[in-house]
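2 protein chains.
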Amino acid sequence: MPSLQDEMANVKARVDALILDTLLPSSSPVPEVDLLYRMMRDYPARPAKGLRPFFCVASCRAMGGRAEDALLTAASIELFQHWILVHDDVEDQSELRRGQPALHVKHGEALAINAGDALHAEMWKSLLRNRDLLGYEKTLRVMQEFSSMVDETTEGQHMELVWVRDGRWDLTESDYYQMCTRKTSWYTVAGPCRLGAIVAGSGERDLEKLLQFGLKLGVGFQIQDDALNLVGDPAVYGKASSDDILEGKRTLILLKLLGLASAEEKARVTSIMSRSRQEKTESEVAYVLSLMKKYGTIESAQRRAKELVDDALEILATVEWRGDAASLEALRSAARFAVERKW
Amino acid sequence: MPSLQDEMANVKARVDALILDTLLPSSSPVPEVDLLYRMMRDYPARPAKGLRPFFCVASCRAMGGRAEDALLTAASIELFQHWILVHDDVEDQSELRRGQPALHVKHGEALAINAGDALHAEMWKSLLRNRDLLGYEKTLRVMQEFSSMVDETTEGQHMELVWVRDGRWDLTESDYYQMCTRKTSWYTVAGPCRLGAIVAGSGERDLEKLLQFGLKLGVGFQIQDDALNLVGDPAVYGKASSDDILEGKRTLILLKLLGLASAEEKARVTSIMSRSRQEKTESEVAYVLSLMKKYGTIESAQRRAKELVDDALEILATVEWRGDAASLEALRSAARFAVERKW
Numbered sequence: 154m155p156s157l158q159d160e161m162a163n164v165k166a167r168v169d170a171l172i173l174d175t176l177l178p179s180s181s182p183v184p185e186v187d188l189l190y191r192m193m194r195d196y197p198a199r200p201a202k203g204l205r206p207f208f209c210v211a212s213c214r215a216m217g218g219r220a221e222d223a224l225l226t227a228a229s230i231e232l233f234q235h236w237i238l239v240h241d242d243v244e245d246q247s248e249l250r251r252g253q254p255a256l257h258v259k260h261g262e263a264l265a266i267n268a269g270d271a272l273h274a275e276m277w278k279s280l281l282r283n284r285d286l287l288g289y290e291k292t293l294r295v296m297q298e299f300s301s302m303v304d305e306t307t308e309g310q311h312m313e314l315v316w317v318r319d320g321r322w323d324l325t326e327s328d329y330y331q332m333c334t335r336k337t338s339w340y341t342v343a344g345p346c347r348l349g350a351i352v353a354g355s356g357e358r359d360l361e362k363l364l365q366f367g368l369k370l371g372v373g374f375q376i377q378d379d380a381l382n383l384v385g386d387p388a389v390y391g392k393a394s395s396d397d398i399l400e401g402k403r404t405l406i407l408l409k410l411l412g413l414a415s416a417e418e419k420a421r422v423t424s425i426m427s428r429s430r431q432e433k434t435e436s437e438v439a440y441v442l443s444l445m446k447k448y449g450t451i452e453s454a455q456r457r458a459k460e461l462v463d464d465a466l467e468i469l470a471t472v473e474w475r476g477d478a479a480s481l482e483a484l485r486s487a488a489r490f491a492v493e494r495k496w
Numbered sequence: 154m155p156s157l158q159d160e161m162a163n164v165k166a167r168v169d170a171l172i173l174d175t176l177l178p179s180s181s182p183v184p185e186v187d188l189l190y191r192m193m194r195d196y197p198a199r200p201a202k203g204l205r206p207f208f209c210v211a212s213c214r215a216m217g218g219r220a221e222d223a224l225l226t227a228a229s230i231e232l233f234q235h236w237i238l239v240h241d242d243v244e245d246q247s248e249l250r251r252g253q254p255a256l257h258v259k260h261g262e263a264l265a266i267n268a269g270d271a272l273h274a275e276m277w278k279s280l281l282r283n284r285d286l287l288g289y290e291k292t293l294r295v296m297q298e299f300s301s302m303v304d305e306t307t308e309g310q311h312m313e314l315v316w317v318r319d320g321r322w323d324l325t326e327s328d329y330y331q332m333c334t335r336k337t338s339w340y341t342v343a344g345p346c347r348l349g350a351i352v353a354g355s356g357e358r359d360l361e362k363l364l365q366f367g368l369k370l371g372v373g374f375q376i377q378d379d380a381l382n383l384v385g386d387p388a389v390y391g392k393a394s395s396d397d398i399l400e401g402k403r404t405l406i407l408l409k410l411l412g413l414a415s416a417e418e419k420a421r422v423t424s425i426m427s428r429s430r431q432e433k434t435e436s437e438v439a440y441v442l443s444l445m446k447k448y449g450t451i452e453s454a455q456r457r458a459k460e461l462v463d464d465a466l467e468i469l470a471t472v473e474w475r476g477d478a479a480s481l482e483a484l485r486s487a488a489r490f491a492v493e494r495k496w
């Protein structure tokens, strides 16, 4: 029996082949346009886990659908991830993406923003191709779901950007969940699982349950991502270590620290976190990290992530699955992987 | 009989009401999200000509369709214009849009890029609403056309950005037409006219003619835009005068100048044009403008624009119109307005 990682790699390979061989333009006789195409293919060609397309395909199969019918939709989910990362990297002034320079670092911000827009449009174009596979009605229902997914994601990204821009530190864990369910949960878990189920023909009752499952698990995924950013091995994880401290991100780990630290520590942490990436010294980043370790907020956030996945799996058990048991088990494994992974 | 300007204003008012009252979200109890919604409504609330939605509705009626059936599509064309302008203004570092500060000047680049993405998604969401009005098949056909339109526009924008980034001045008029047909013609004339015709049920033969009509007229429109940028009244036109010189834009007017100027003048012009906005002095901008006047390249470009509209109108006459003659006449008037307007 193939391992979860093998199954994920298998779906990812099929989806990537679809994206690079069929969905994205490959070359143009106009040299400038050829550069645009190469920029559009840059992030899609970088290695990644493929958790999102896996959720989509596994959910479709667990619901009784065929993997082939979910592939275009899964590829469109990856395209969504690619274009939004191109823009996020500009917005957050991130320097690395999956171990390589971010697209705007290589080509400048103006070209990167425009290439992100071009990729965004390819996502919808790819969804239009569902027509021959899924028929008119389901094609439009899938697009409706993408529309919700983009709405939620841009709202979550906006919330986080405003907090950084306005130097907001008076944030509760509830604020964090509001931001994180929008910014991460929707497009990482809820959307992919619901889309797989929509392709398989699920009704609204199960879709609502998959939404609740996905919102919880997505927050768990983000917490683990934030933890890996601080204590993960950069060679395995692929991002600069402690990048979130440099970017001033309001993670659950940081908010928990602000709730536990002394007034003096809190003042120093928020003063450091409020400065721009360039103004932060290595020892200041190390200081923030040492306090997180002193107060154990990385571990307490990870415990919260484990509770969230347990809650999520309970909800998953109430869905009326009509497909094969192995796919449902793969979905459960992927859910646990999301909060236990090292990369 | 209502004037062209009255008819344009009428369509624009109906489309704007649809966008602001129905299509865009208006408020949120979450203060951060409420700010996002206000940002998304910013450009749509600024006054504009509404040439694009007018082309769409007039083309639909001239082809025998109903104006009501084209309104959602026309509103989506306006949404396209809004999101792409938000991003273009960041990419070109423009400071003003329609006489007011650009969105990124008001809120910072990160929030503006993200708000542009949110608006982009609203365009597709709005197109999904066509389902009940036009049925499944036509809804998807309209979306396919939008997909082509975004592809072409991002390619044209990319070409222009690369020229600026790489300091390219060895450009021919043919390079300019390649860039301009992609960047401007598709979404200003070709797309809107074809979309109106698609809503009315046109076949591919007429759509191909409308493409040729639109590509030519769109270049004429852009030439007039470039001329107004140099010699238009900022109070009427709404943009900072000579902004294109400050941005280093490769307009037909400038390329014609480079073809006529002495070697010494050419060297000085390209040296000035290659500098960033901040590094250009007022007298340097005035020098470039004075050479354009000395060699008459504003007038010769405008003569080219008039030839293009004449060619375009000849093509328009070969389309098999099946609707009312008044709408066809309005379409012709709008075509002439595109290259004769003062704003």
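Sequence lines, in order, name chains A and B.
Anchor point for the first sequence: position 116 equals 269 in our numbering, and the numbering is continuous, going up by one each time.
Anchor point for the second sequence: position 99 equals 252 in our numbering, and the numbering is continuous, going up by one each time.
Think of the CB as a built atom: it goes at the ideal place given N, C-alpha and C, for glycine as much as any other residue.
Closer than 9 Å at the C-beta level to chain A, one finds these residues of the stretch 289 to 300 of chain B: Tyr289, Glu290, Thr292, Leu293, Met296, Gln297, Phe299 and Ser300. Any Cβ of chain B closer than 9 Å to the Cβ of Ala271(A) would place that residue at the interface, and such an atom is present. Taking a beta-carbon distance threshold of 9 Å, Gly401(A) does not count as an interface residue toward chain B. Using a Cβ-Cβ cut-off of 9 Å, Arg347(B) does not count as an interface residue toward chain A, since no Cβ of chain A sits closer than that to its own. Cys213(A) sits close to Arg219(A), with the two beta carbons spaced by under 9 Å. The beta carbon of Phe366(A) is closer than 6 Å to those of Ala465, Ile468 and Leu469 in its chain, skipping five residues each way along the sequence. The continuous alpha helix (DSSP H) containing Pro345(A) extends over residues Gly344 to Ala353. With fewer than three CB-CB distances shorter than 8 Å, the stretch 243 to 252 of chain A does not count as touching the stretch 155 to 162 of chain B. Among the CB atoms of chain A, none fall inside 9 Å of the CB of Asn163(B).
In the three-state reduction of the DSSP assignment, Gln246(B) falls in the coil class. By the Cβ-count criterion, Glu326(B) is exposed, with fewer than 16 other Cβ atoms from all chains shown falling within 10 Å of its own Cβ. Chain-ordered, the chain A residues with CB closer than 7 Å to the CB of Val243(B) read Ile266. Interface residue (Cβ-Cβ distance to chain B less than 9 Å): Lys278(A) is classified as such. By the Cβ neighbour-count rule, Lys165(A) is buried, with 16 or more other Cβ atoms within 10 Å of its own. In the structure shown, the three-state DSSP call for Pro155(B) is coil. The alpha helix (DSSP H) runs lying completely inside the stretch 216 to 262 of chain B and spanning 4 residues or more are 220 to 244 and 256 to 260, given in chain order. For Arg421(A), no chain B residue has a Cβ inside 8 Å of its Cβ, as the nearest lies near 26 Å away. For Trp322(B), no CB of chain A lies under 9 Å from its own CB, so it is not counted at the interface with that chain. Going by C-alpha positions, Glu452(A) is about 40 Å away from Glu221(A).
Here Arg318(A) is exposed: its Cβ has fewer than 16 other Cβ atoms, across all protein chains shown, within 10 Å.
Among the residues facing chain B, Gln234(A) is not included, as its CB has no counterpart in that chain under 9 Å away. Using beta-carbon distances, Arg318(B) counts as an interface residue toward chain A, with a partner under 9 Å. Under the Cβ criterion of 9 Å, Leu407(A) is not counted among the residues facing chain B. 9 Å or more divides the Cβ of Met426(B) from the Cβ of Trp277(A). A Cβ of chain B is located within less than 9 Å of the beta carbon of Gln331(A). Distances from the CA of Ala353(B) to each of Asp477(B), Ser394(B) and Val239(B) were compared; the closest alpha carbon is that of Asp477(B). When DSSP states are grouped into helix, strand and coil, Ser301(A) belongs to the helix group. Within the stretch 363 to 425 of chain B, complete alpha helix (DSSP H) segments of at least 4 residues are found at 387 to 390, 396 to 400 and 405 to 413, given in chain order.
Residues Met216 of the same chain have their beta carbon placed closer than 6 Å to that of Ser355(B), with the five preceding and five following residues left out of the count. Here Gly349(A) really is in contact with Ala211(A); their C-beta atoms are around 7 Å apart, less than 8 Å.
Burial of Glu298(B) is indicated by the presence of at least 16 other C-beta atoms within 10 angstroms of its C-beta.
Taking every protein chain shown into account, the CB of Gln234(A) has 16 or more other CB atoms within 10 angstroms, so this residue is buried. Interface flag for Glu262(A) against chain B is set, since a Cβ pair is found closer than 9 Å. Taking a Cβ-Cβ cut-off of 8 Å, the neighbours of Arg284(A) in chain B comprise Leu293, given in sequence order. Taken in chain order, the whole alpha helix (DSSP H) runs of length 4 or more contained in the stretch 418 to 468 of chain A are 435 to 447.
Any Cβ of chain B closer than 9 Å to the Cβ of Glu432(A) would place that residue at the interface, and such an atom is absent.
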